[in-house]
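Encoded as C-alpha cells, the structure appears first; notes follow it.
2 protein chains.
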Amino acid sequence: MTALGNPAGQQTVRRHNLSLITTSLAAAPGSRAQLAQRTGLTKATVSSLVDHLISRDVLVEGPPATAGIGRPARPVTLNPEGPMALGVEVNVDYLTVCVLDLTGQLRCYRHSVAENRARSAAEVIEQTAELVGEVLRELGRPLLGAALALPGVVGADGTLSRAPNLPGLTGGQPGRQLAAALGLPPLLVDNEANLGALACLRAEPAVGPDFVYVSGEIGVGAGLVVAGELFRGVNGFAGELGHVVVAQDGPDCGCGGRGCVEQYAGQEVLLRTAGQPGLEQLEAAVAAGDPAALDAVARAGSALGVGLASLLNVMDLPTVVLGGVYARLFEAITPSLTAQLDRRALAPRGAGRLSRSPLGIDAAARGAAGAVLDRALRDPAGIPVLAGV
Amino acid sequence: MTALGNPAGQQTVRRHNLSLITTSLAAAPGSRAQLAQRTGLTKATVSSLVDHLISRDVLVEGPPATAGIGRPARPVTLNPEGPMALGVEVNVDYLTVCVLDLTGQLRCYRHSVAENRARSAAEVIEQTAELVGEVLRELGRPLLGAALALPGVVGADGTLSRAPNLPGLTGGQPGRQLAAALGLPPLLVDNEANLGALACLRAEPAVGPDFVYVSGEIGVGAGLVVAGELFRGVNGFAGELGHVVVAQDGPDCGCGGRGCVEQYAGQEVLLRTAGQPGLEQLEAAVAAGDPAALDAVARAGSALGVGLASLLNVMDLPTVVLGGVYARLFEAITPSLTAQLDRRALAPRGAGRLSRSPLGIDAAARGAAGAVLDRALRDPAGIPVLAGV
C-alpha cells in the first residue's frame, strides 16, 4: 500500500491482461474488437497489448476480411513463425526432441536410439545436446523455452531423485546440465508419464478430465489426471504403476519388491518372453501371427490389467489411455487387459474407457513442448527475449 | 442487481457472518470484543449475531472474568448443552450410535451386535431405529442433524450403490428409510471408511493433511485424505483397498476378482485362519501368545502391507492410520505389515508413517456425528429448529 507499490501493481495488471489476450487467441482467432468483447478490456488497451505482442513476434495480424458490414476486421492470431517450444525426452533406450510452434503444430522432430542405462550423465547429456543442437540449427528460430521429460521421480528443484533404469543421471539435475551444454536457461523438468498425460489432455479432449495415462517403456509409469490437473502426490511419487503388485511371491524387482507390474509387462520382459530382440521385430511377429509373440503380449496385457484394476480401485478414474509400447501393440494387448479390468475393476468406466494415445512413444516429448507452450500462453510477459540461432 | 435482490444479499451476508462467529469459537472461546477483533466485524454486528445464536441455544455466555483492566469481559463459548449431532454406523455385524455436543465431546454411545448380512432393509432399519430411539430418549435434547455411515459405495443422492456384504440394503436409500422411521429430516450418508478418515482428521491433527485411513471390518476399505480433503474419485469408488490385488491367482473374491486384499486380511478370513469364533477371542489368543493366532495376524498384516504398498505407490501418501480390527490388533499386526511397506513402497514416508486410530471401531460413527457438527459450525443458520424430544 506504499507509493512504491503502484508501478508493480500496474505491471501485474498488464501481465494478467497480456495473458487474457494469448489464452483467448489460443482458443480461437479474433479481431481487436472481438478480443475487447471477449476479455472485457477496452479497445485501446487491447490494441496496446496486441501491438506489444506483435512486436515480440508472438502475434500476427492478417489482411482485412471482406465479409460483413462496416470497417473490415483484421484477424489476429498466434504467430506460427514466432518463437517456439522445445520438448526433449531422455529415456532408457532412446532420445526424442520435438518443437511445437505457438499454434501447437509440430515443426521439428528427431528420435534416436541411445543406450543410456550404462552411461554417465556427461555421456547422456552430450548426445542429447548434439541432437537438440541439430534441431535448433534446422529450426533457425528463437525459443519460448524448453522442457525435459525423464523416466523417474523429479523433485521440485529438478533433481532426478529416483530412476532405477538411469543410474548415471540419478541424483543429478539433468535439466541444468543440458541447459548449460546448450547455453539455454534451465529447462522445466518432469516425469515422462506426467508429461505424456499432459500431451494427451491437450491432444485428445474427448478423453475427458479424469484418466490414467499409461506410459509403457523399459519402465512402466502412469500419469494421473484428476479434474484436468496432474495428481503428483506429496513427494511427486504418485502413479508408480510399474511397482503395483501383481503377485506377492512373483519375480524379484529392481525396486526391492517382488511381483511388480514391471516384472510382467515392462518392455524388456515382454521382448524376452516373446523371444524378440526389439520392438520392431515384436510388432512384425505379432502382425505375422507368431504364437509366442501373441502369447507374450497377452500375458503382459493380463498383468497390466491386474495392476490397472488395483489402481482404478484406489483412484476411481473412468478412463485408461495406453501410451508408449502399449499404444504400438494396442490391438494385440487389449483383449487380455480388458478381461482383467472387466473382472476386477469395481467403478463404472466411461464410454471411452480404454483408448490408445495417438502420440505413441513421442507423447512425453510432445507433452514437454506443450508444457512450455502452456506456460508461455498463460504468461506471455515471461517469454524470454532470445536472439535467433 | 435488482432491488428485489437486496434482501437475499443481506441474508447471505448474515449467514456468512454467523458462520464466522461459530468457526471462530470452535477454534477458541472469546468475548464479544475479541470476536469483533478476530472476525473484522463491528462490535454491534457481533452482538446481534451472538444474541441470535444464544437464543438458538448454540452459544452461551459465561460470567464476567475478573482479571485485567476495564470492564470485565464475558467469555462466549459453544453451548455444550445445546443441540447435538447424531452419528450412526450400520455395518455388516454391528450397529453403533453416538452423539457429540457442539464442543465435540462424546455425550452418548451405544454399540450393538447385529447380523445384518442376511437381513432385509426393513429388519436392519427397524433395529437401528430402536437403538437410535433409546439414545435420543436418554439424550432428551434437540438435534443439529444426523449422519449415517455405511460399508459400501454411496452415491451423491444417498443410494447405497455397492455393498456386497449388505445385500439387503444395496440399491436402497437407508438414510431416507432411517429418517422416515425416526421422524427426522434425511440423514447425511457416506462410506464408513471416508467418515472414519474424517474422524481421524478431526481427532488427530498430528497425522497431518495427507494420509490413508484403513478401515478393517468384514470388508476392508480406505479413506483417502489429500491436502486435508477426502479424495472420493469420480463415482465415489476411490479407496477400495479391499479389492487391490495381492496375488493375481489367489482365492476367489466376492467382487468377481481373485486374490484381493479382503481374501487375506478381511476380518472373517482372519478369524477362520486363526481358528477363533470372534474378535474378542482372537485378541485374547494373541495376548496369550497362541501361535496359530499370531501367525494368522502376521499373514493378514503381510497381505495388507502388500496392498497398502500398491496404494501408496499409486497415491504417494506419507502416512497410514490403521482403524477398526487393525487398530485393535495393532501391536501384533504391525511387524509383518511394516516389513512389506519398507520393502515395496517407494515414496518417503513421514515420521508418524504408521499409526493406530485411537477411535477403533467407533471411528465411522464418530466421523458421522463430526460431519454433522462441521456442517452446523460452517452454517449455523442452517441448524433446524427442532422441538426437544
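Chains as they are written, first to last, in our numbering: chain A, 31 to 419; chain B, 31 to 419.
Cβ coordinates follow ideal geometry from the N, Cα and C atoms, glycine included.
Quick caveat: nothing in here was measured; it's all calculated off a predicted structure.
Neighbourhood of P378(A) in chain B, by CB distance below 7 angstroms: N265, in chain order.
In this structure, the straight-line span from the alpha carbon of V244(A) to that of I155(A) is close to 26 angstroms. Rounded to whole angstroms, the separation of the alpha carbons of G296(A) and P321(A) is 19 angstroms. Boundaries of the alpha helix (DSSP H) harbouring H82(A): 73-85, taken from the DSSP string. The three-state reading of DSSP puts G354(A) in helix, counting H, G and I together. For N343(B), at least one C-beta of chain A is nearer than 9 angstroms to its own C-beta. Annotation: G188(B) to G182(B) spans about 11 angstroms, alpha carbon to alpha carbon. Residue pairing by DSSP puts S385(A) in a beta bridge opposite V351(A). The beta-carbon of G289(A) is placed less than 9 angstroms from the nearest beta-carbon of chain B. S385(B) places its beta carbon 9 angstroms or farther from that of G335(B). A straight line joining the alpha-carbon of L180(B) with that of N221(B) spans about 5 angstroms.
Annotation: the continuous beta strand (DSSP E) that includes N221(A) extends over 218-221. In this structure the region 339-353 of chain B touches the region 369-380 of chain B; the number of beta carbon pairs closer than 8 angstroms is three or more.
Per the coordinates, the alpha-carbon of E145(B) lies some 59 angstroms from the alpha-carbon of A314(A). In the three-state DSSP reduction, R232(A) falls in the helix class (H, G or I). Nearest CB-CB separation between R383(B) and chain A: not below the 9 angstroms threshold. In the three-state reduction of the DSSP assignment, G335(A) falls in the helix class. For V120(A), the closest of D240(A), D404(A), D392(A) by C-alpha to C-alpha distance is D392(A).
For T126(A), the enclosing beta strand (DSSP E) starts and ends at 124-130. Residue Q370(B) holds the alpha-carbon nearest to the alpha-carbon of R329(B) among A357(B), V350(B), Q370(B), S49(B).
Taking each of A394(A), G412(A), R408(A), P410(A) in turn and checking the Cα distance to L116(A), the smallest one comes out for A394(A). By the Cβ criterion, the region 246-255 of chain B is not in contact with the region 162-180 of chain B, since fewer than three pairs of Cβ atoms, one from each stretch, lie closer than 8 angstroms. Check the Cα spacing between A304(B) and each of L260(B), A362(B), V255(B): the tightest is with A362(B). The way I'd put it, the region 395-402 of chain B does touch the region 226-234 of chain B; three or more beta-carbon pairs between them come closer than 8 angstroms.
In this structure, F241(A) is the residue among F267(A), G390(A), N47(A), F241(A) with its C-alpha nearest to the C-alpha of V255(A). Scanning chain A for C-beta atoms nearer than 9 angstroms to the C-beta of V276(B) yields V275, A277, Q278, reported in chain order. Flagged as an interface residue toward chain A: A333(B), by a C-beta distance shorter than 9 angstroms. Under the three-pair Cβ rule at 8 angstroms, the region 73-92 of chain A does not count as touching the region 121-131 of chain A.
G412(A) counts as exposed, since fewer than 16 other C-beta atoms from the protein chains shown sit within 10 angstroms of its C-beta. At a C-beta separation below 9 angstroms, P321(B) has no neighbours in chain A, since its nearest C-beta there lies roughly 22 angstroms away. Nearest neighbour of G202(B) by Cα position, chosen from N195(B), V291(B), G213(B), L190(B), turns out to be L190(B). Annotated as distal: V316(B) and Q293(B), with beta-carbon spacing of 9 angstroms or more.
It is roughly 47 angstroms from the alpha-carbon of G246(A) to the alpha-carbon of A63(A). Here the region 261-278 of chain A makes no contact with the region 47-66 of chain B; the two share fewer than three CB pairs at distances below 8 angstroms.
Looking at the backbone, the Cα of S150(B) and that of L208(B) are separated by about 13 angstroms. Taking a Cβ-Cβ threshold of 8 angstroms, the residues of chain A close to L347(B) are G263, V264, in chain order.
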